[in-house]
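Following this note's numbering, the numbering of the sequence shown begins with 693 at its first residue and continues without gaps.
We put the CB at the ideal spot given by N, CA and C, even for glycine.
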Amino acid sequence: MAVDMATIEGLCKRRGFIFRSSEIYGGFNGFFDYGPLGAELKNNIKQAWWKDFVHKRDDVVGLDASIIMHPNVWRASGHVDGFSDPMVDCKESKLRFRADQLFFAEVKVDGETIGYVSVLEDENMQRDAEEKAAELKRKLAKQGSLGEIVLKNYMDAKPFEYELIPSPATGKAGSLTPPRDFNLMFQTYVGALRDETAIAYLRPETAQGIFADFKNIVDTSRVKLPFGIAQIGKAFRNEITPRNFIFRSREFEQMEIEYFISPYDDWKALHRQWIDACKAWFVSIGLPAKDLAEDVHPQEKLAHYAKACTDITFHFPHGLQELQGIAVRGNFDLTQHQNASKTNLEYFDEARKEKYLPHVIEPSLGVDRTFLAVMTAAYSEDEVPNDKGQAEKRTFLKFSPRIAPFKAAVFPLVKNKPELFNRAREVYAKLQNRWNVFFDATGAIGRRYRRQDEIGTPFCITIDFETIEGNGSVTLRDRDTTKQVRLSVDEVIKHIEEAGA
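Written as structure tokens, this is what we have:
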């Protein structure tokens, strides 16, 4: 079902998935804390990715590079001089906006410009601008004027228009500055000094650590082309306008592979294989295939060193957006680091008896965006009978058992019967040896089910009087269907395993 961002954010806060960073001090824009359930879900996503793309492959090895590296790494990669977004300041409100995300409407009547009526700033600004422009055009037509609305991006504004375009913050014309570059890297200092010799940076991406360690891994790991180096780690970008909850933040985590290939390999075929593998992985963790699409970058929009790039997109609450990028980057990065470091990074091809700098395919995705996609896909509502037999709205998260924070919850039917409580603790301890499970003995059984539904626990196991007095079987309830069956504890374990937990 379609769900808005406010609903997702509210559930994340209420149930302990995600909190605003430093919330007791009013929060810190662009930074988030993952609570008890969020930490479990996030770790499960990372572990699933590592298992499938590292442990289950013979051609990928892992790396955990440092967050702060020699500043020359970022000079060689081009980040110091070129890692920037176009920024616009509102002189009245002191707010900042990305120029390439600002649209305005020039209003013309009978071919003559009569003014600039709006500036729109939003992830879906193009669509919103078109809708608002159409409404303005209808109003002009009702007045008997031949109205025309010309939509423009702020990056395309003429110098004289800067004084005419109203600010999205105040509505006042002339308060926006011309666009200028804003470097997105966080700067810090290493050591006791605070001068230019001590400047370093928090990494804006994990990829450069892989390229900087390429030679070390080739020399120590007996890898042969084609092979990949995988890394999961934090990255930091001083985003001008972080937005849409955890979709675009200033501190985030990446899961990234640099897959090195020979310049003689069929890169188009390998690129297609990686796209298919990544889409299949998203489905394996619960994203519906129908909500995944591909956005192929046209040649004129590719980076100068790239041969191709395809984004896997997903229907987030704020629209169809990039979930993962899979780029063919050539040998640009290794070339840059070889030239800057004066270190030979060439690979010796034993079959061809020649040396060359490998090319690379880069599947890169954000853990946080994957988390948001999983939450969006999982959010569900229906009606089920409550303890009194009345229909009651139910909110539940249809997490894949593979990534659910808790794989199962164990309940004694009532807590004031020691024989039930103790038996439930025994079952809980047995399951705890295999999975992260939850124990709850408080409240009506229906209410306990609802609590687990809302945090996405796939299975609930109830120990009742039949467990004690009969053959030891327990009640297993399925989260999605709410159906219940009686199974032995060993059968329950097998059922959870077969579900993919």
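Asked, Found
"How about Pro728 and Tyr808: are their beta carbons less than 8 Å apart?", "no"
"Quick test of your reading: Phe1006 and Leu979, contact by CB under 8 Å. State the CB separation rounded to the nearest angstrom.", "7 Å"
"Kindly list the residues whose CB is nearer than 7 Å to the CB of Glu798, restricted to its own chain and excluding five residues on each side of it in sequence; keep chain order.", "Thr805, Tyr808, Val842 and Lys844"
"Whose CA, out of Ala1070, Phe1088, Phe1063 and Val1129, lies closest to the CA of Lys738?", "Phe1063"
"Decide if Ala995 is buried, meaning its Cβ has at least 16 other Cβ atoms within 10 Å, or exposed.", "exposed"
"Indicate whether the contact test is met: 3 or more Cβ pairs, each with one atom in the stretch 1018–1036 and one in the stretch 892–903, closer than 8 Å.", "yes"
"Which value, in whole angstroms, describes the spacing of the CA atoms of Glu815 and Met697?", "The predicted position of Glu815 is uncertain, since its pLDDT is 47 and thus under 50; no value can be drawn from it."
"Going by DSSP in three states, Glu815 sits in which element: helix, strand or coil?", "Note that Glu815 scores 47 on pLDDT, short of 50, meaning its location in the model is unreliable; the coordinates nonetheless yield the value given after this. Reduced to three states, the DSSP call for Glu815 is coil."
"Do Ala972 and Cys1001 come within 8 Å of each other at the CB atom, strictly closer than that value?", "no"
"To the nearest whole angstrom, what separates the beta carbons of Pro955 and Tyr1048, a pair I think is in contact under 8 Å?", "6 Å"
"Below 8 Å on the Cβ atoms is my guess for Ala1083 versus Pro1077; work out the distance and round it to an integer in Å.", "6 Å"
"Under the DSSP definition of a beta bridge, which residues are partnered with Phe937?", "Bridge partners of Phe937: none, in fact."
"With a 10 Å radius around its C-beta and 16 neighbouring C-beta atoms as the bar for buried, classify Lys916 as buried or exposed.", "exposed"
"Pro1150 and Ala1065 look like a contact to me (Cβ under 8 Å); what is the Cβ gap, rounded to whole Å?", "Not confirmed; about 19 Å, so no contact."
"Considering Cα atoms alone, identify which of Tyr717, Phe720, Phe724 and Ile716 is closest to Glu701.", "Phe724"
"Might you give, ordered along the chain, the residues of its own chain that have their beta carbon closer than 7 Å to the beta carbon of Thr1174, omitting 5 neighbours on each side?", "Val1076"
"Roughly how many angstroms separate the alpha carbons of Val1181 and Val910, rounded to a whole number?", "48 Å"
"Distance, Cα to Cα, Glu943 vs Lys926?", "7 Å"
"Answer yes if the stretch 1080–1094 comes into contact with the stretch 1113–1126, meaning at least three C-beta pairs across the two stretches below 8 Å, and no otherwise.", "no"
"Just verifying my parser: in three-state terms, what is the DSSP assignment at Leu755?", "strand"
"Could you spell out where the alpha helix (DSSP H) holding Gln946 opens and where it closes?", "Looking at the DSSP string, Gln946 is not in any alpha helix (DSSP H); the run it does join, the beta strand (DSSP E), is Glu943 to Ile953."
"Taking C-alpha atoms, which residue in Phe878, Lys800, Gln793 and Ala892 lies nearest to Met847?", "Gln793"
"Could you compute how far the alpha carbon of Phe878 sits from the alpha carbon of Ile924?", "19 Å"
"In chain order, what are the residue ranges of uninterrupted beta strand (DSSP E) at least 3 long that sit wholly in the stretch 1076–1124?", "1083–1089 and 1100–1104"
"What's the C-alpha gap between Ile1004 and Asp968?", "10 Å"
"Unbroken alpha helix (DSSP H) runs of length 4 or more, entirely within the stretch 727–809: which are they?", "728–742, 763–769 and 771–774"
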